[in-house]
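The structure appears below as structure tokens.
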Amino acid sequence: MSLSQVLQKRIIFHQYKNWYVLDDEFYWDIKTLYNTIFKYLDSNFNIPVIFCSIRQANKIICDLGDEEDEYLRFASGIYWRELKIIFIFRFSEYIPLIETLFHEFRHVMQDFNPDFRHHFECDKKLPYLERTTEIDAFQFAKEKTNEYLASESYKKVDL
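With this note's numbering applied, the sequence shown covers 82 to 240.
As structure tokens, this is what we get:
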């Protein structure tokens, strides 16, 4: 089953391009969020982003033919490499949401970089915070979030 077929079986509260909101408690303007993220990434990635609960993400993952994962309960978001989808689970606070999106898009960038991609497999057995991919993604997300917070764009957001 394709992602569009899987999403047809669900209520989509908001959609902008290939970003989908499946949770009625998502209060942000999806178009503004999309444009903000890609403005600071200085590039555009055609990766679907789904804002939903962990339970919904696991069902989508299963419907797409992959195995659900229990460790998701600790995550704010995840880039599911095998499916090329970003899932975001925590979105009640704007700045942590921005930072999570930068973090997950950094994983997309790492995955597209052949020199970096091998770290996903090599570091799999290391503790989460010791993985090269995570160290890099946290640093990148912090830098991009700080860049955003120092900008005029942030001052215009109605939090």
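Even for Gly, the Cβ is constructed at its ideal location relative to N, Cα and C. All values reported here derive from a predicted model rather than from experimental measurement.
query: DSSP bridge partner residues for W100 (one or two, in chain order); result: Y97 and V130
query: For W161, the residue or residues it bridges with in DSSP; result: I166
query: E211 (DSSP reduced to helix, strand or coil); result: helix
query: Distance between E163 and D217 (C-alpha atoms, nearest Å); result: 20 angstroms
query: Reference C133; option with closest CA among D144, Y160 and R171; result: R171
query: Check whether A222 and R187 have beta carbons under 8 angstroms apart; result: yes
query: CB contact below 8 angstroms: E174 versus chain D; result: Any reference to chain D falls outside this structure, which holds one protein chain only.
query: Length of the line joining the Cα atoms of F126 and A138; result: 20 angstroms
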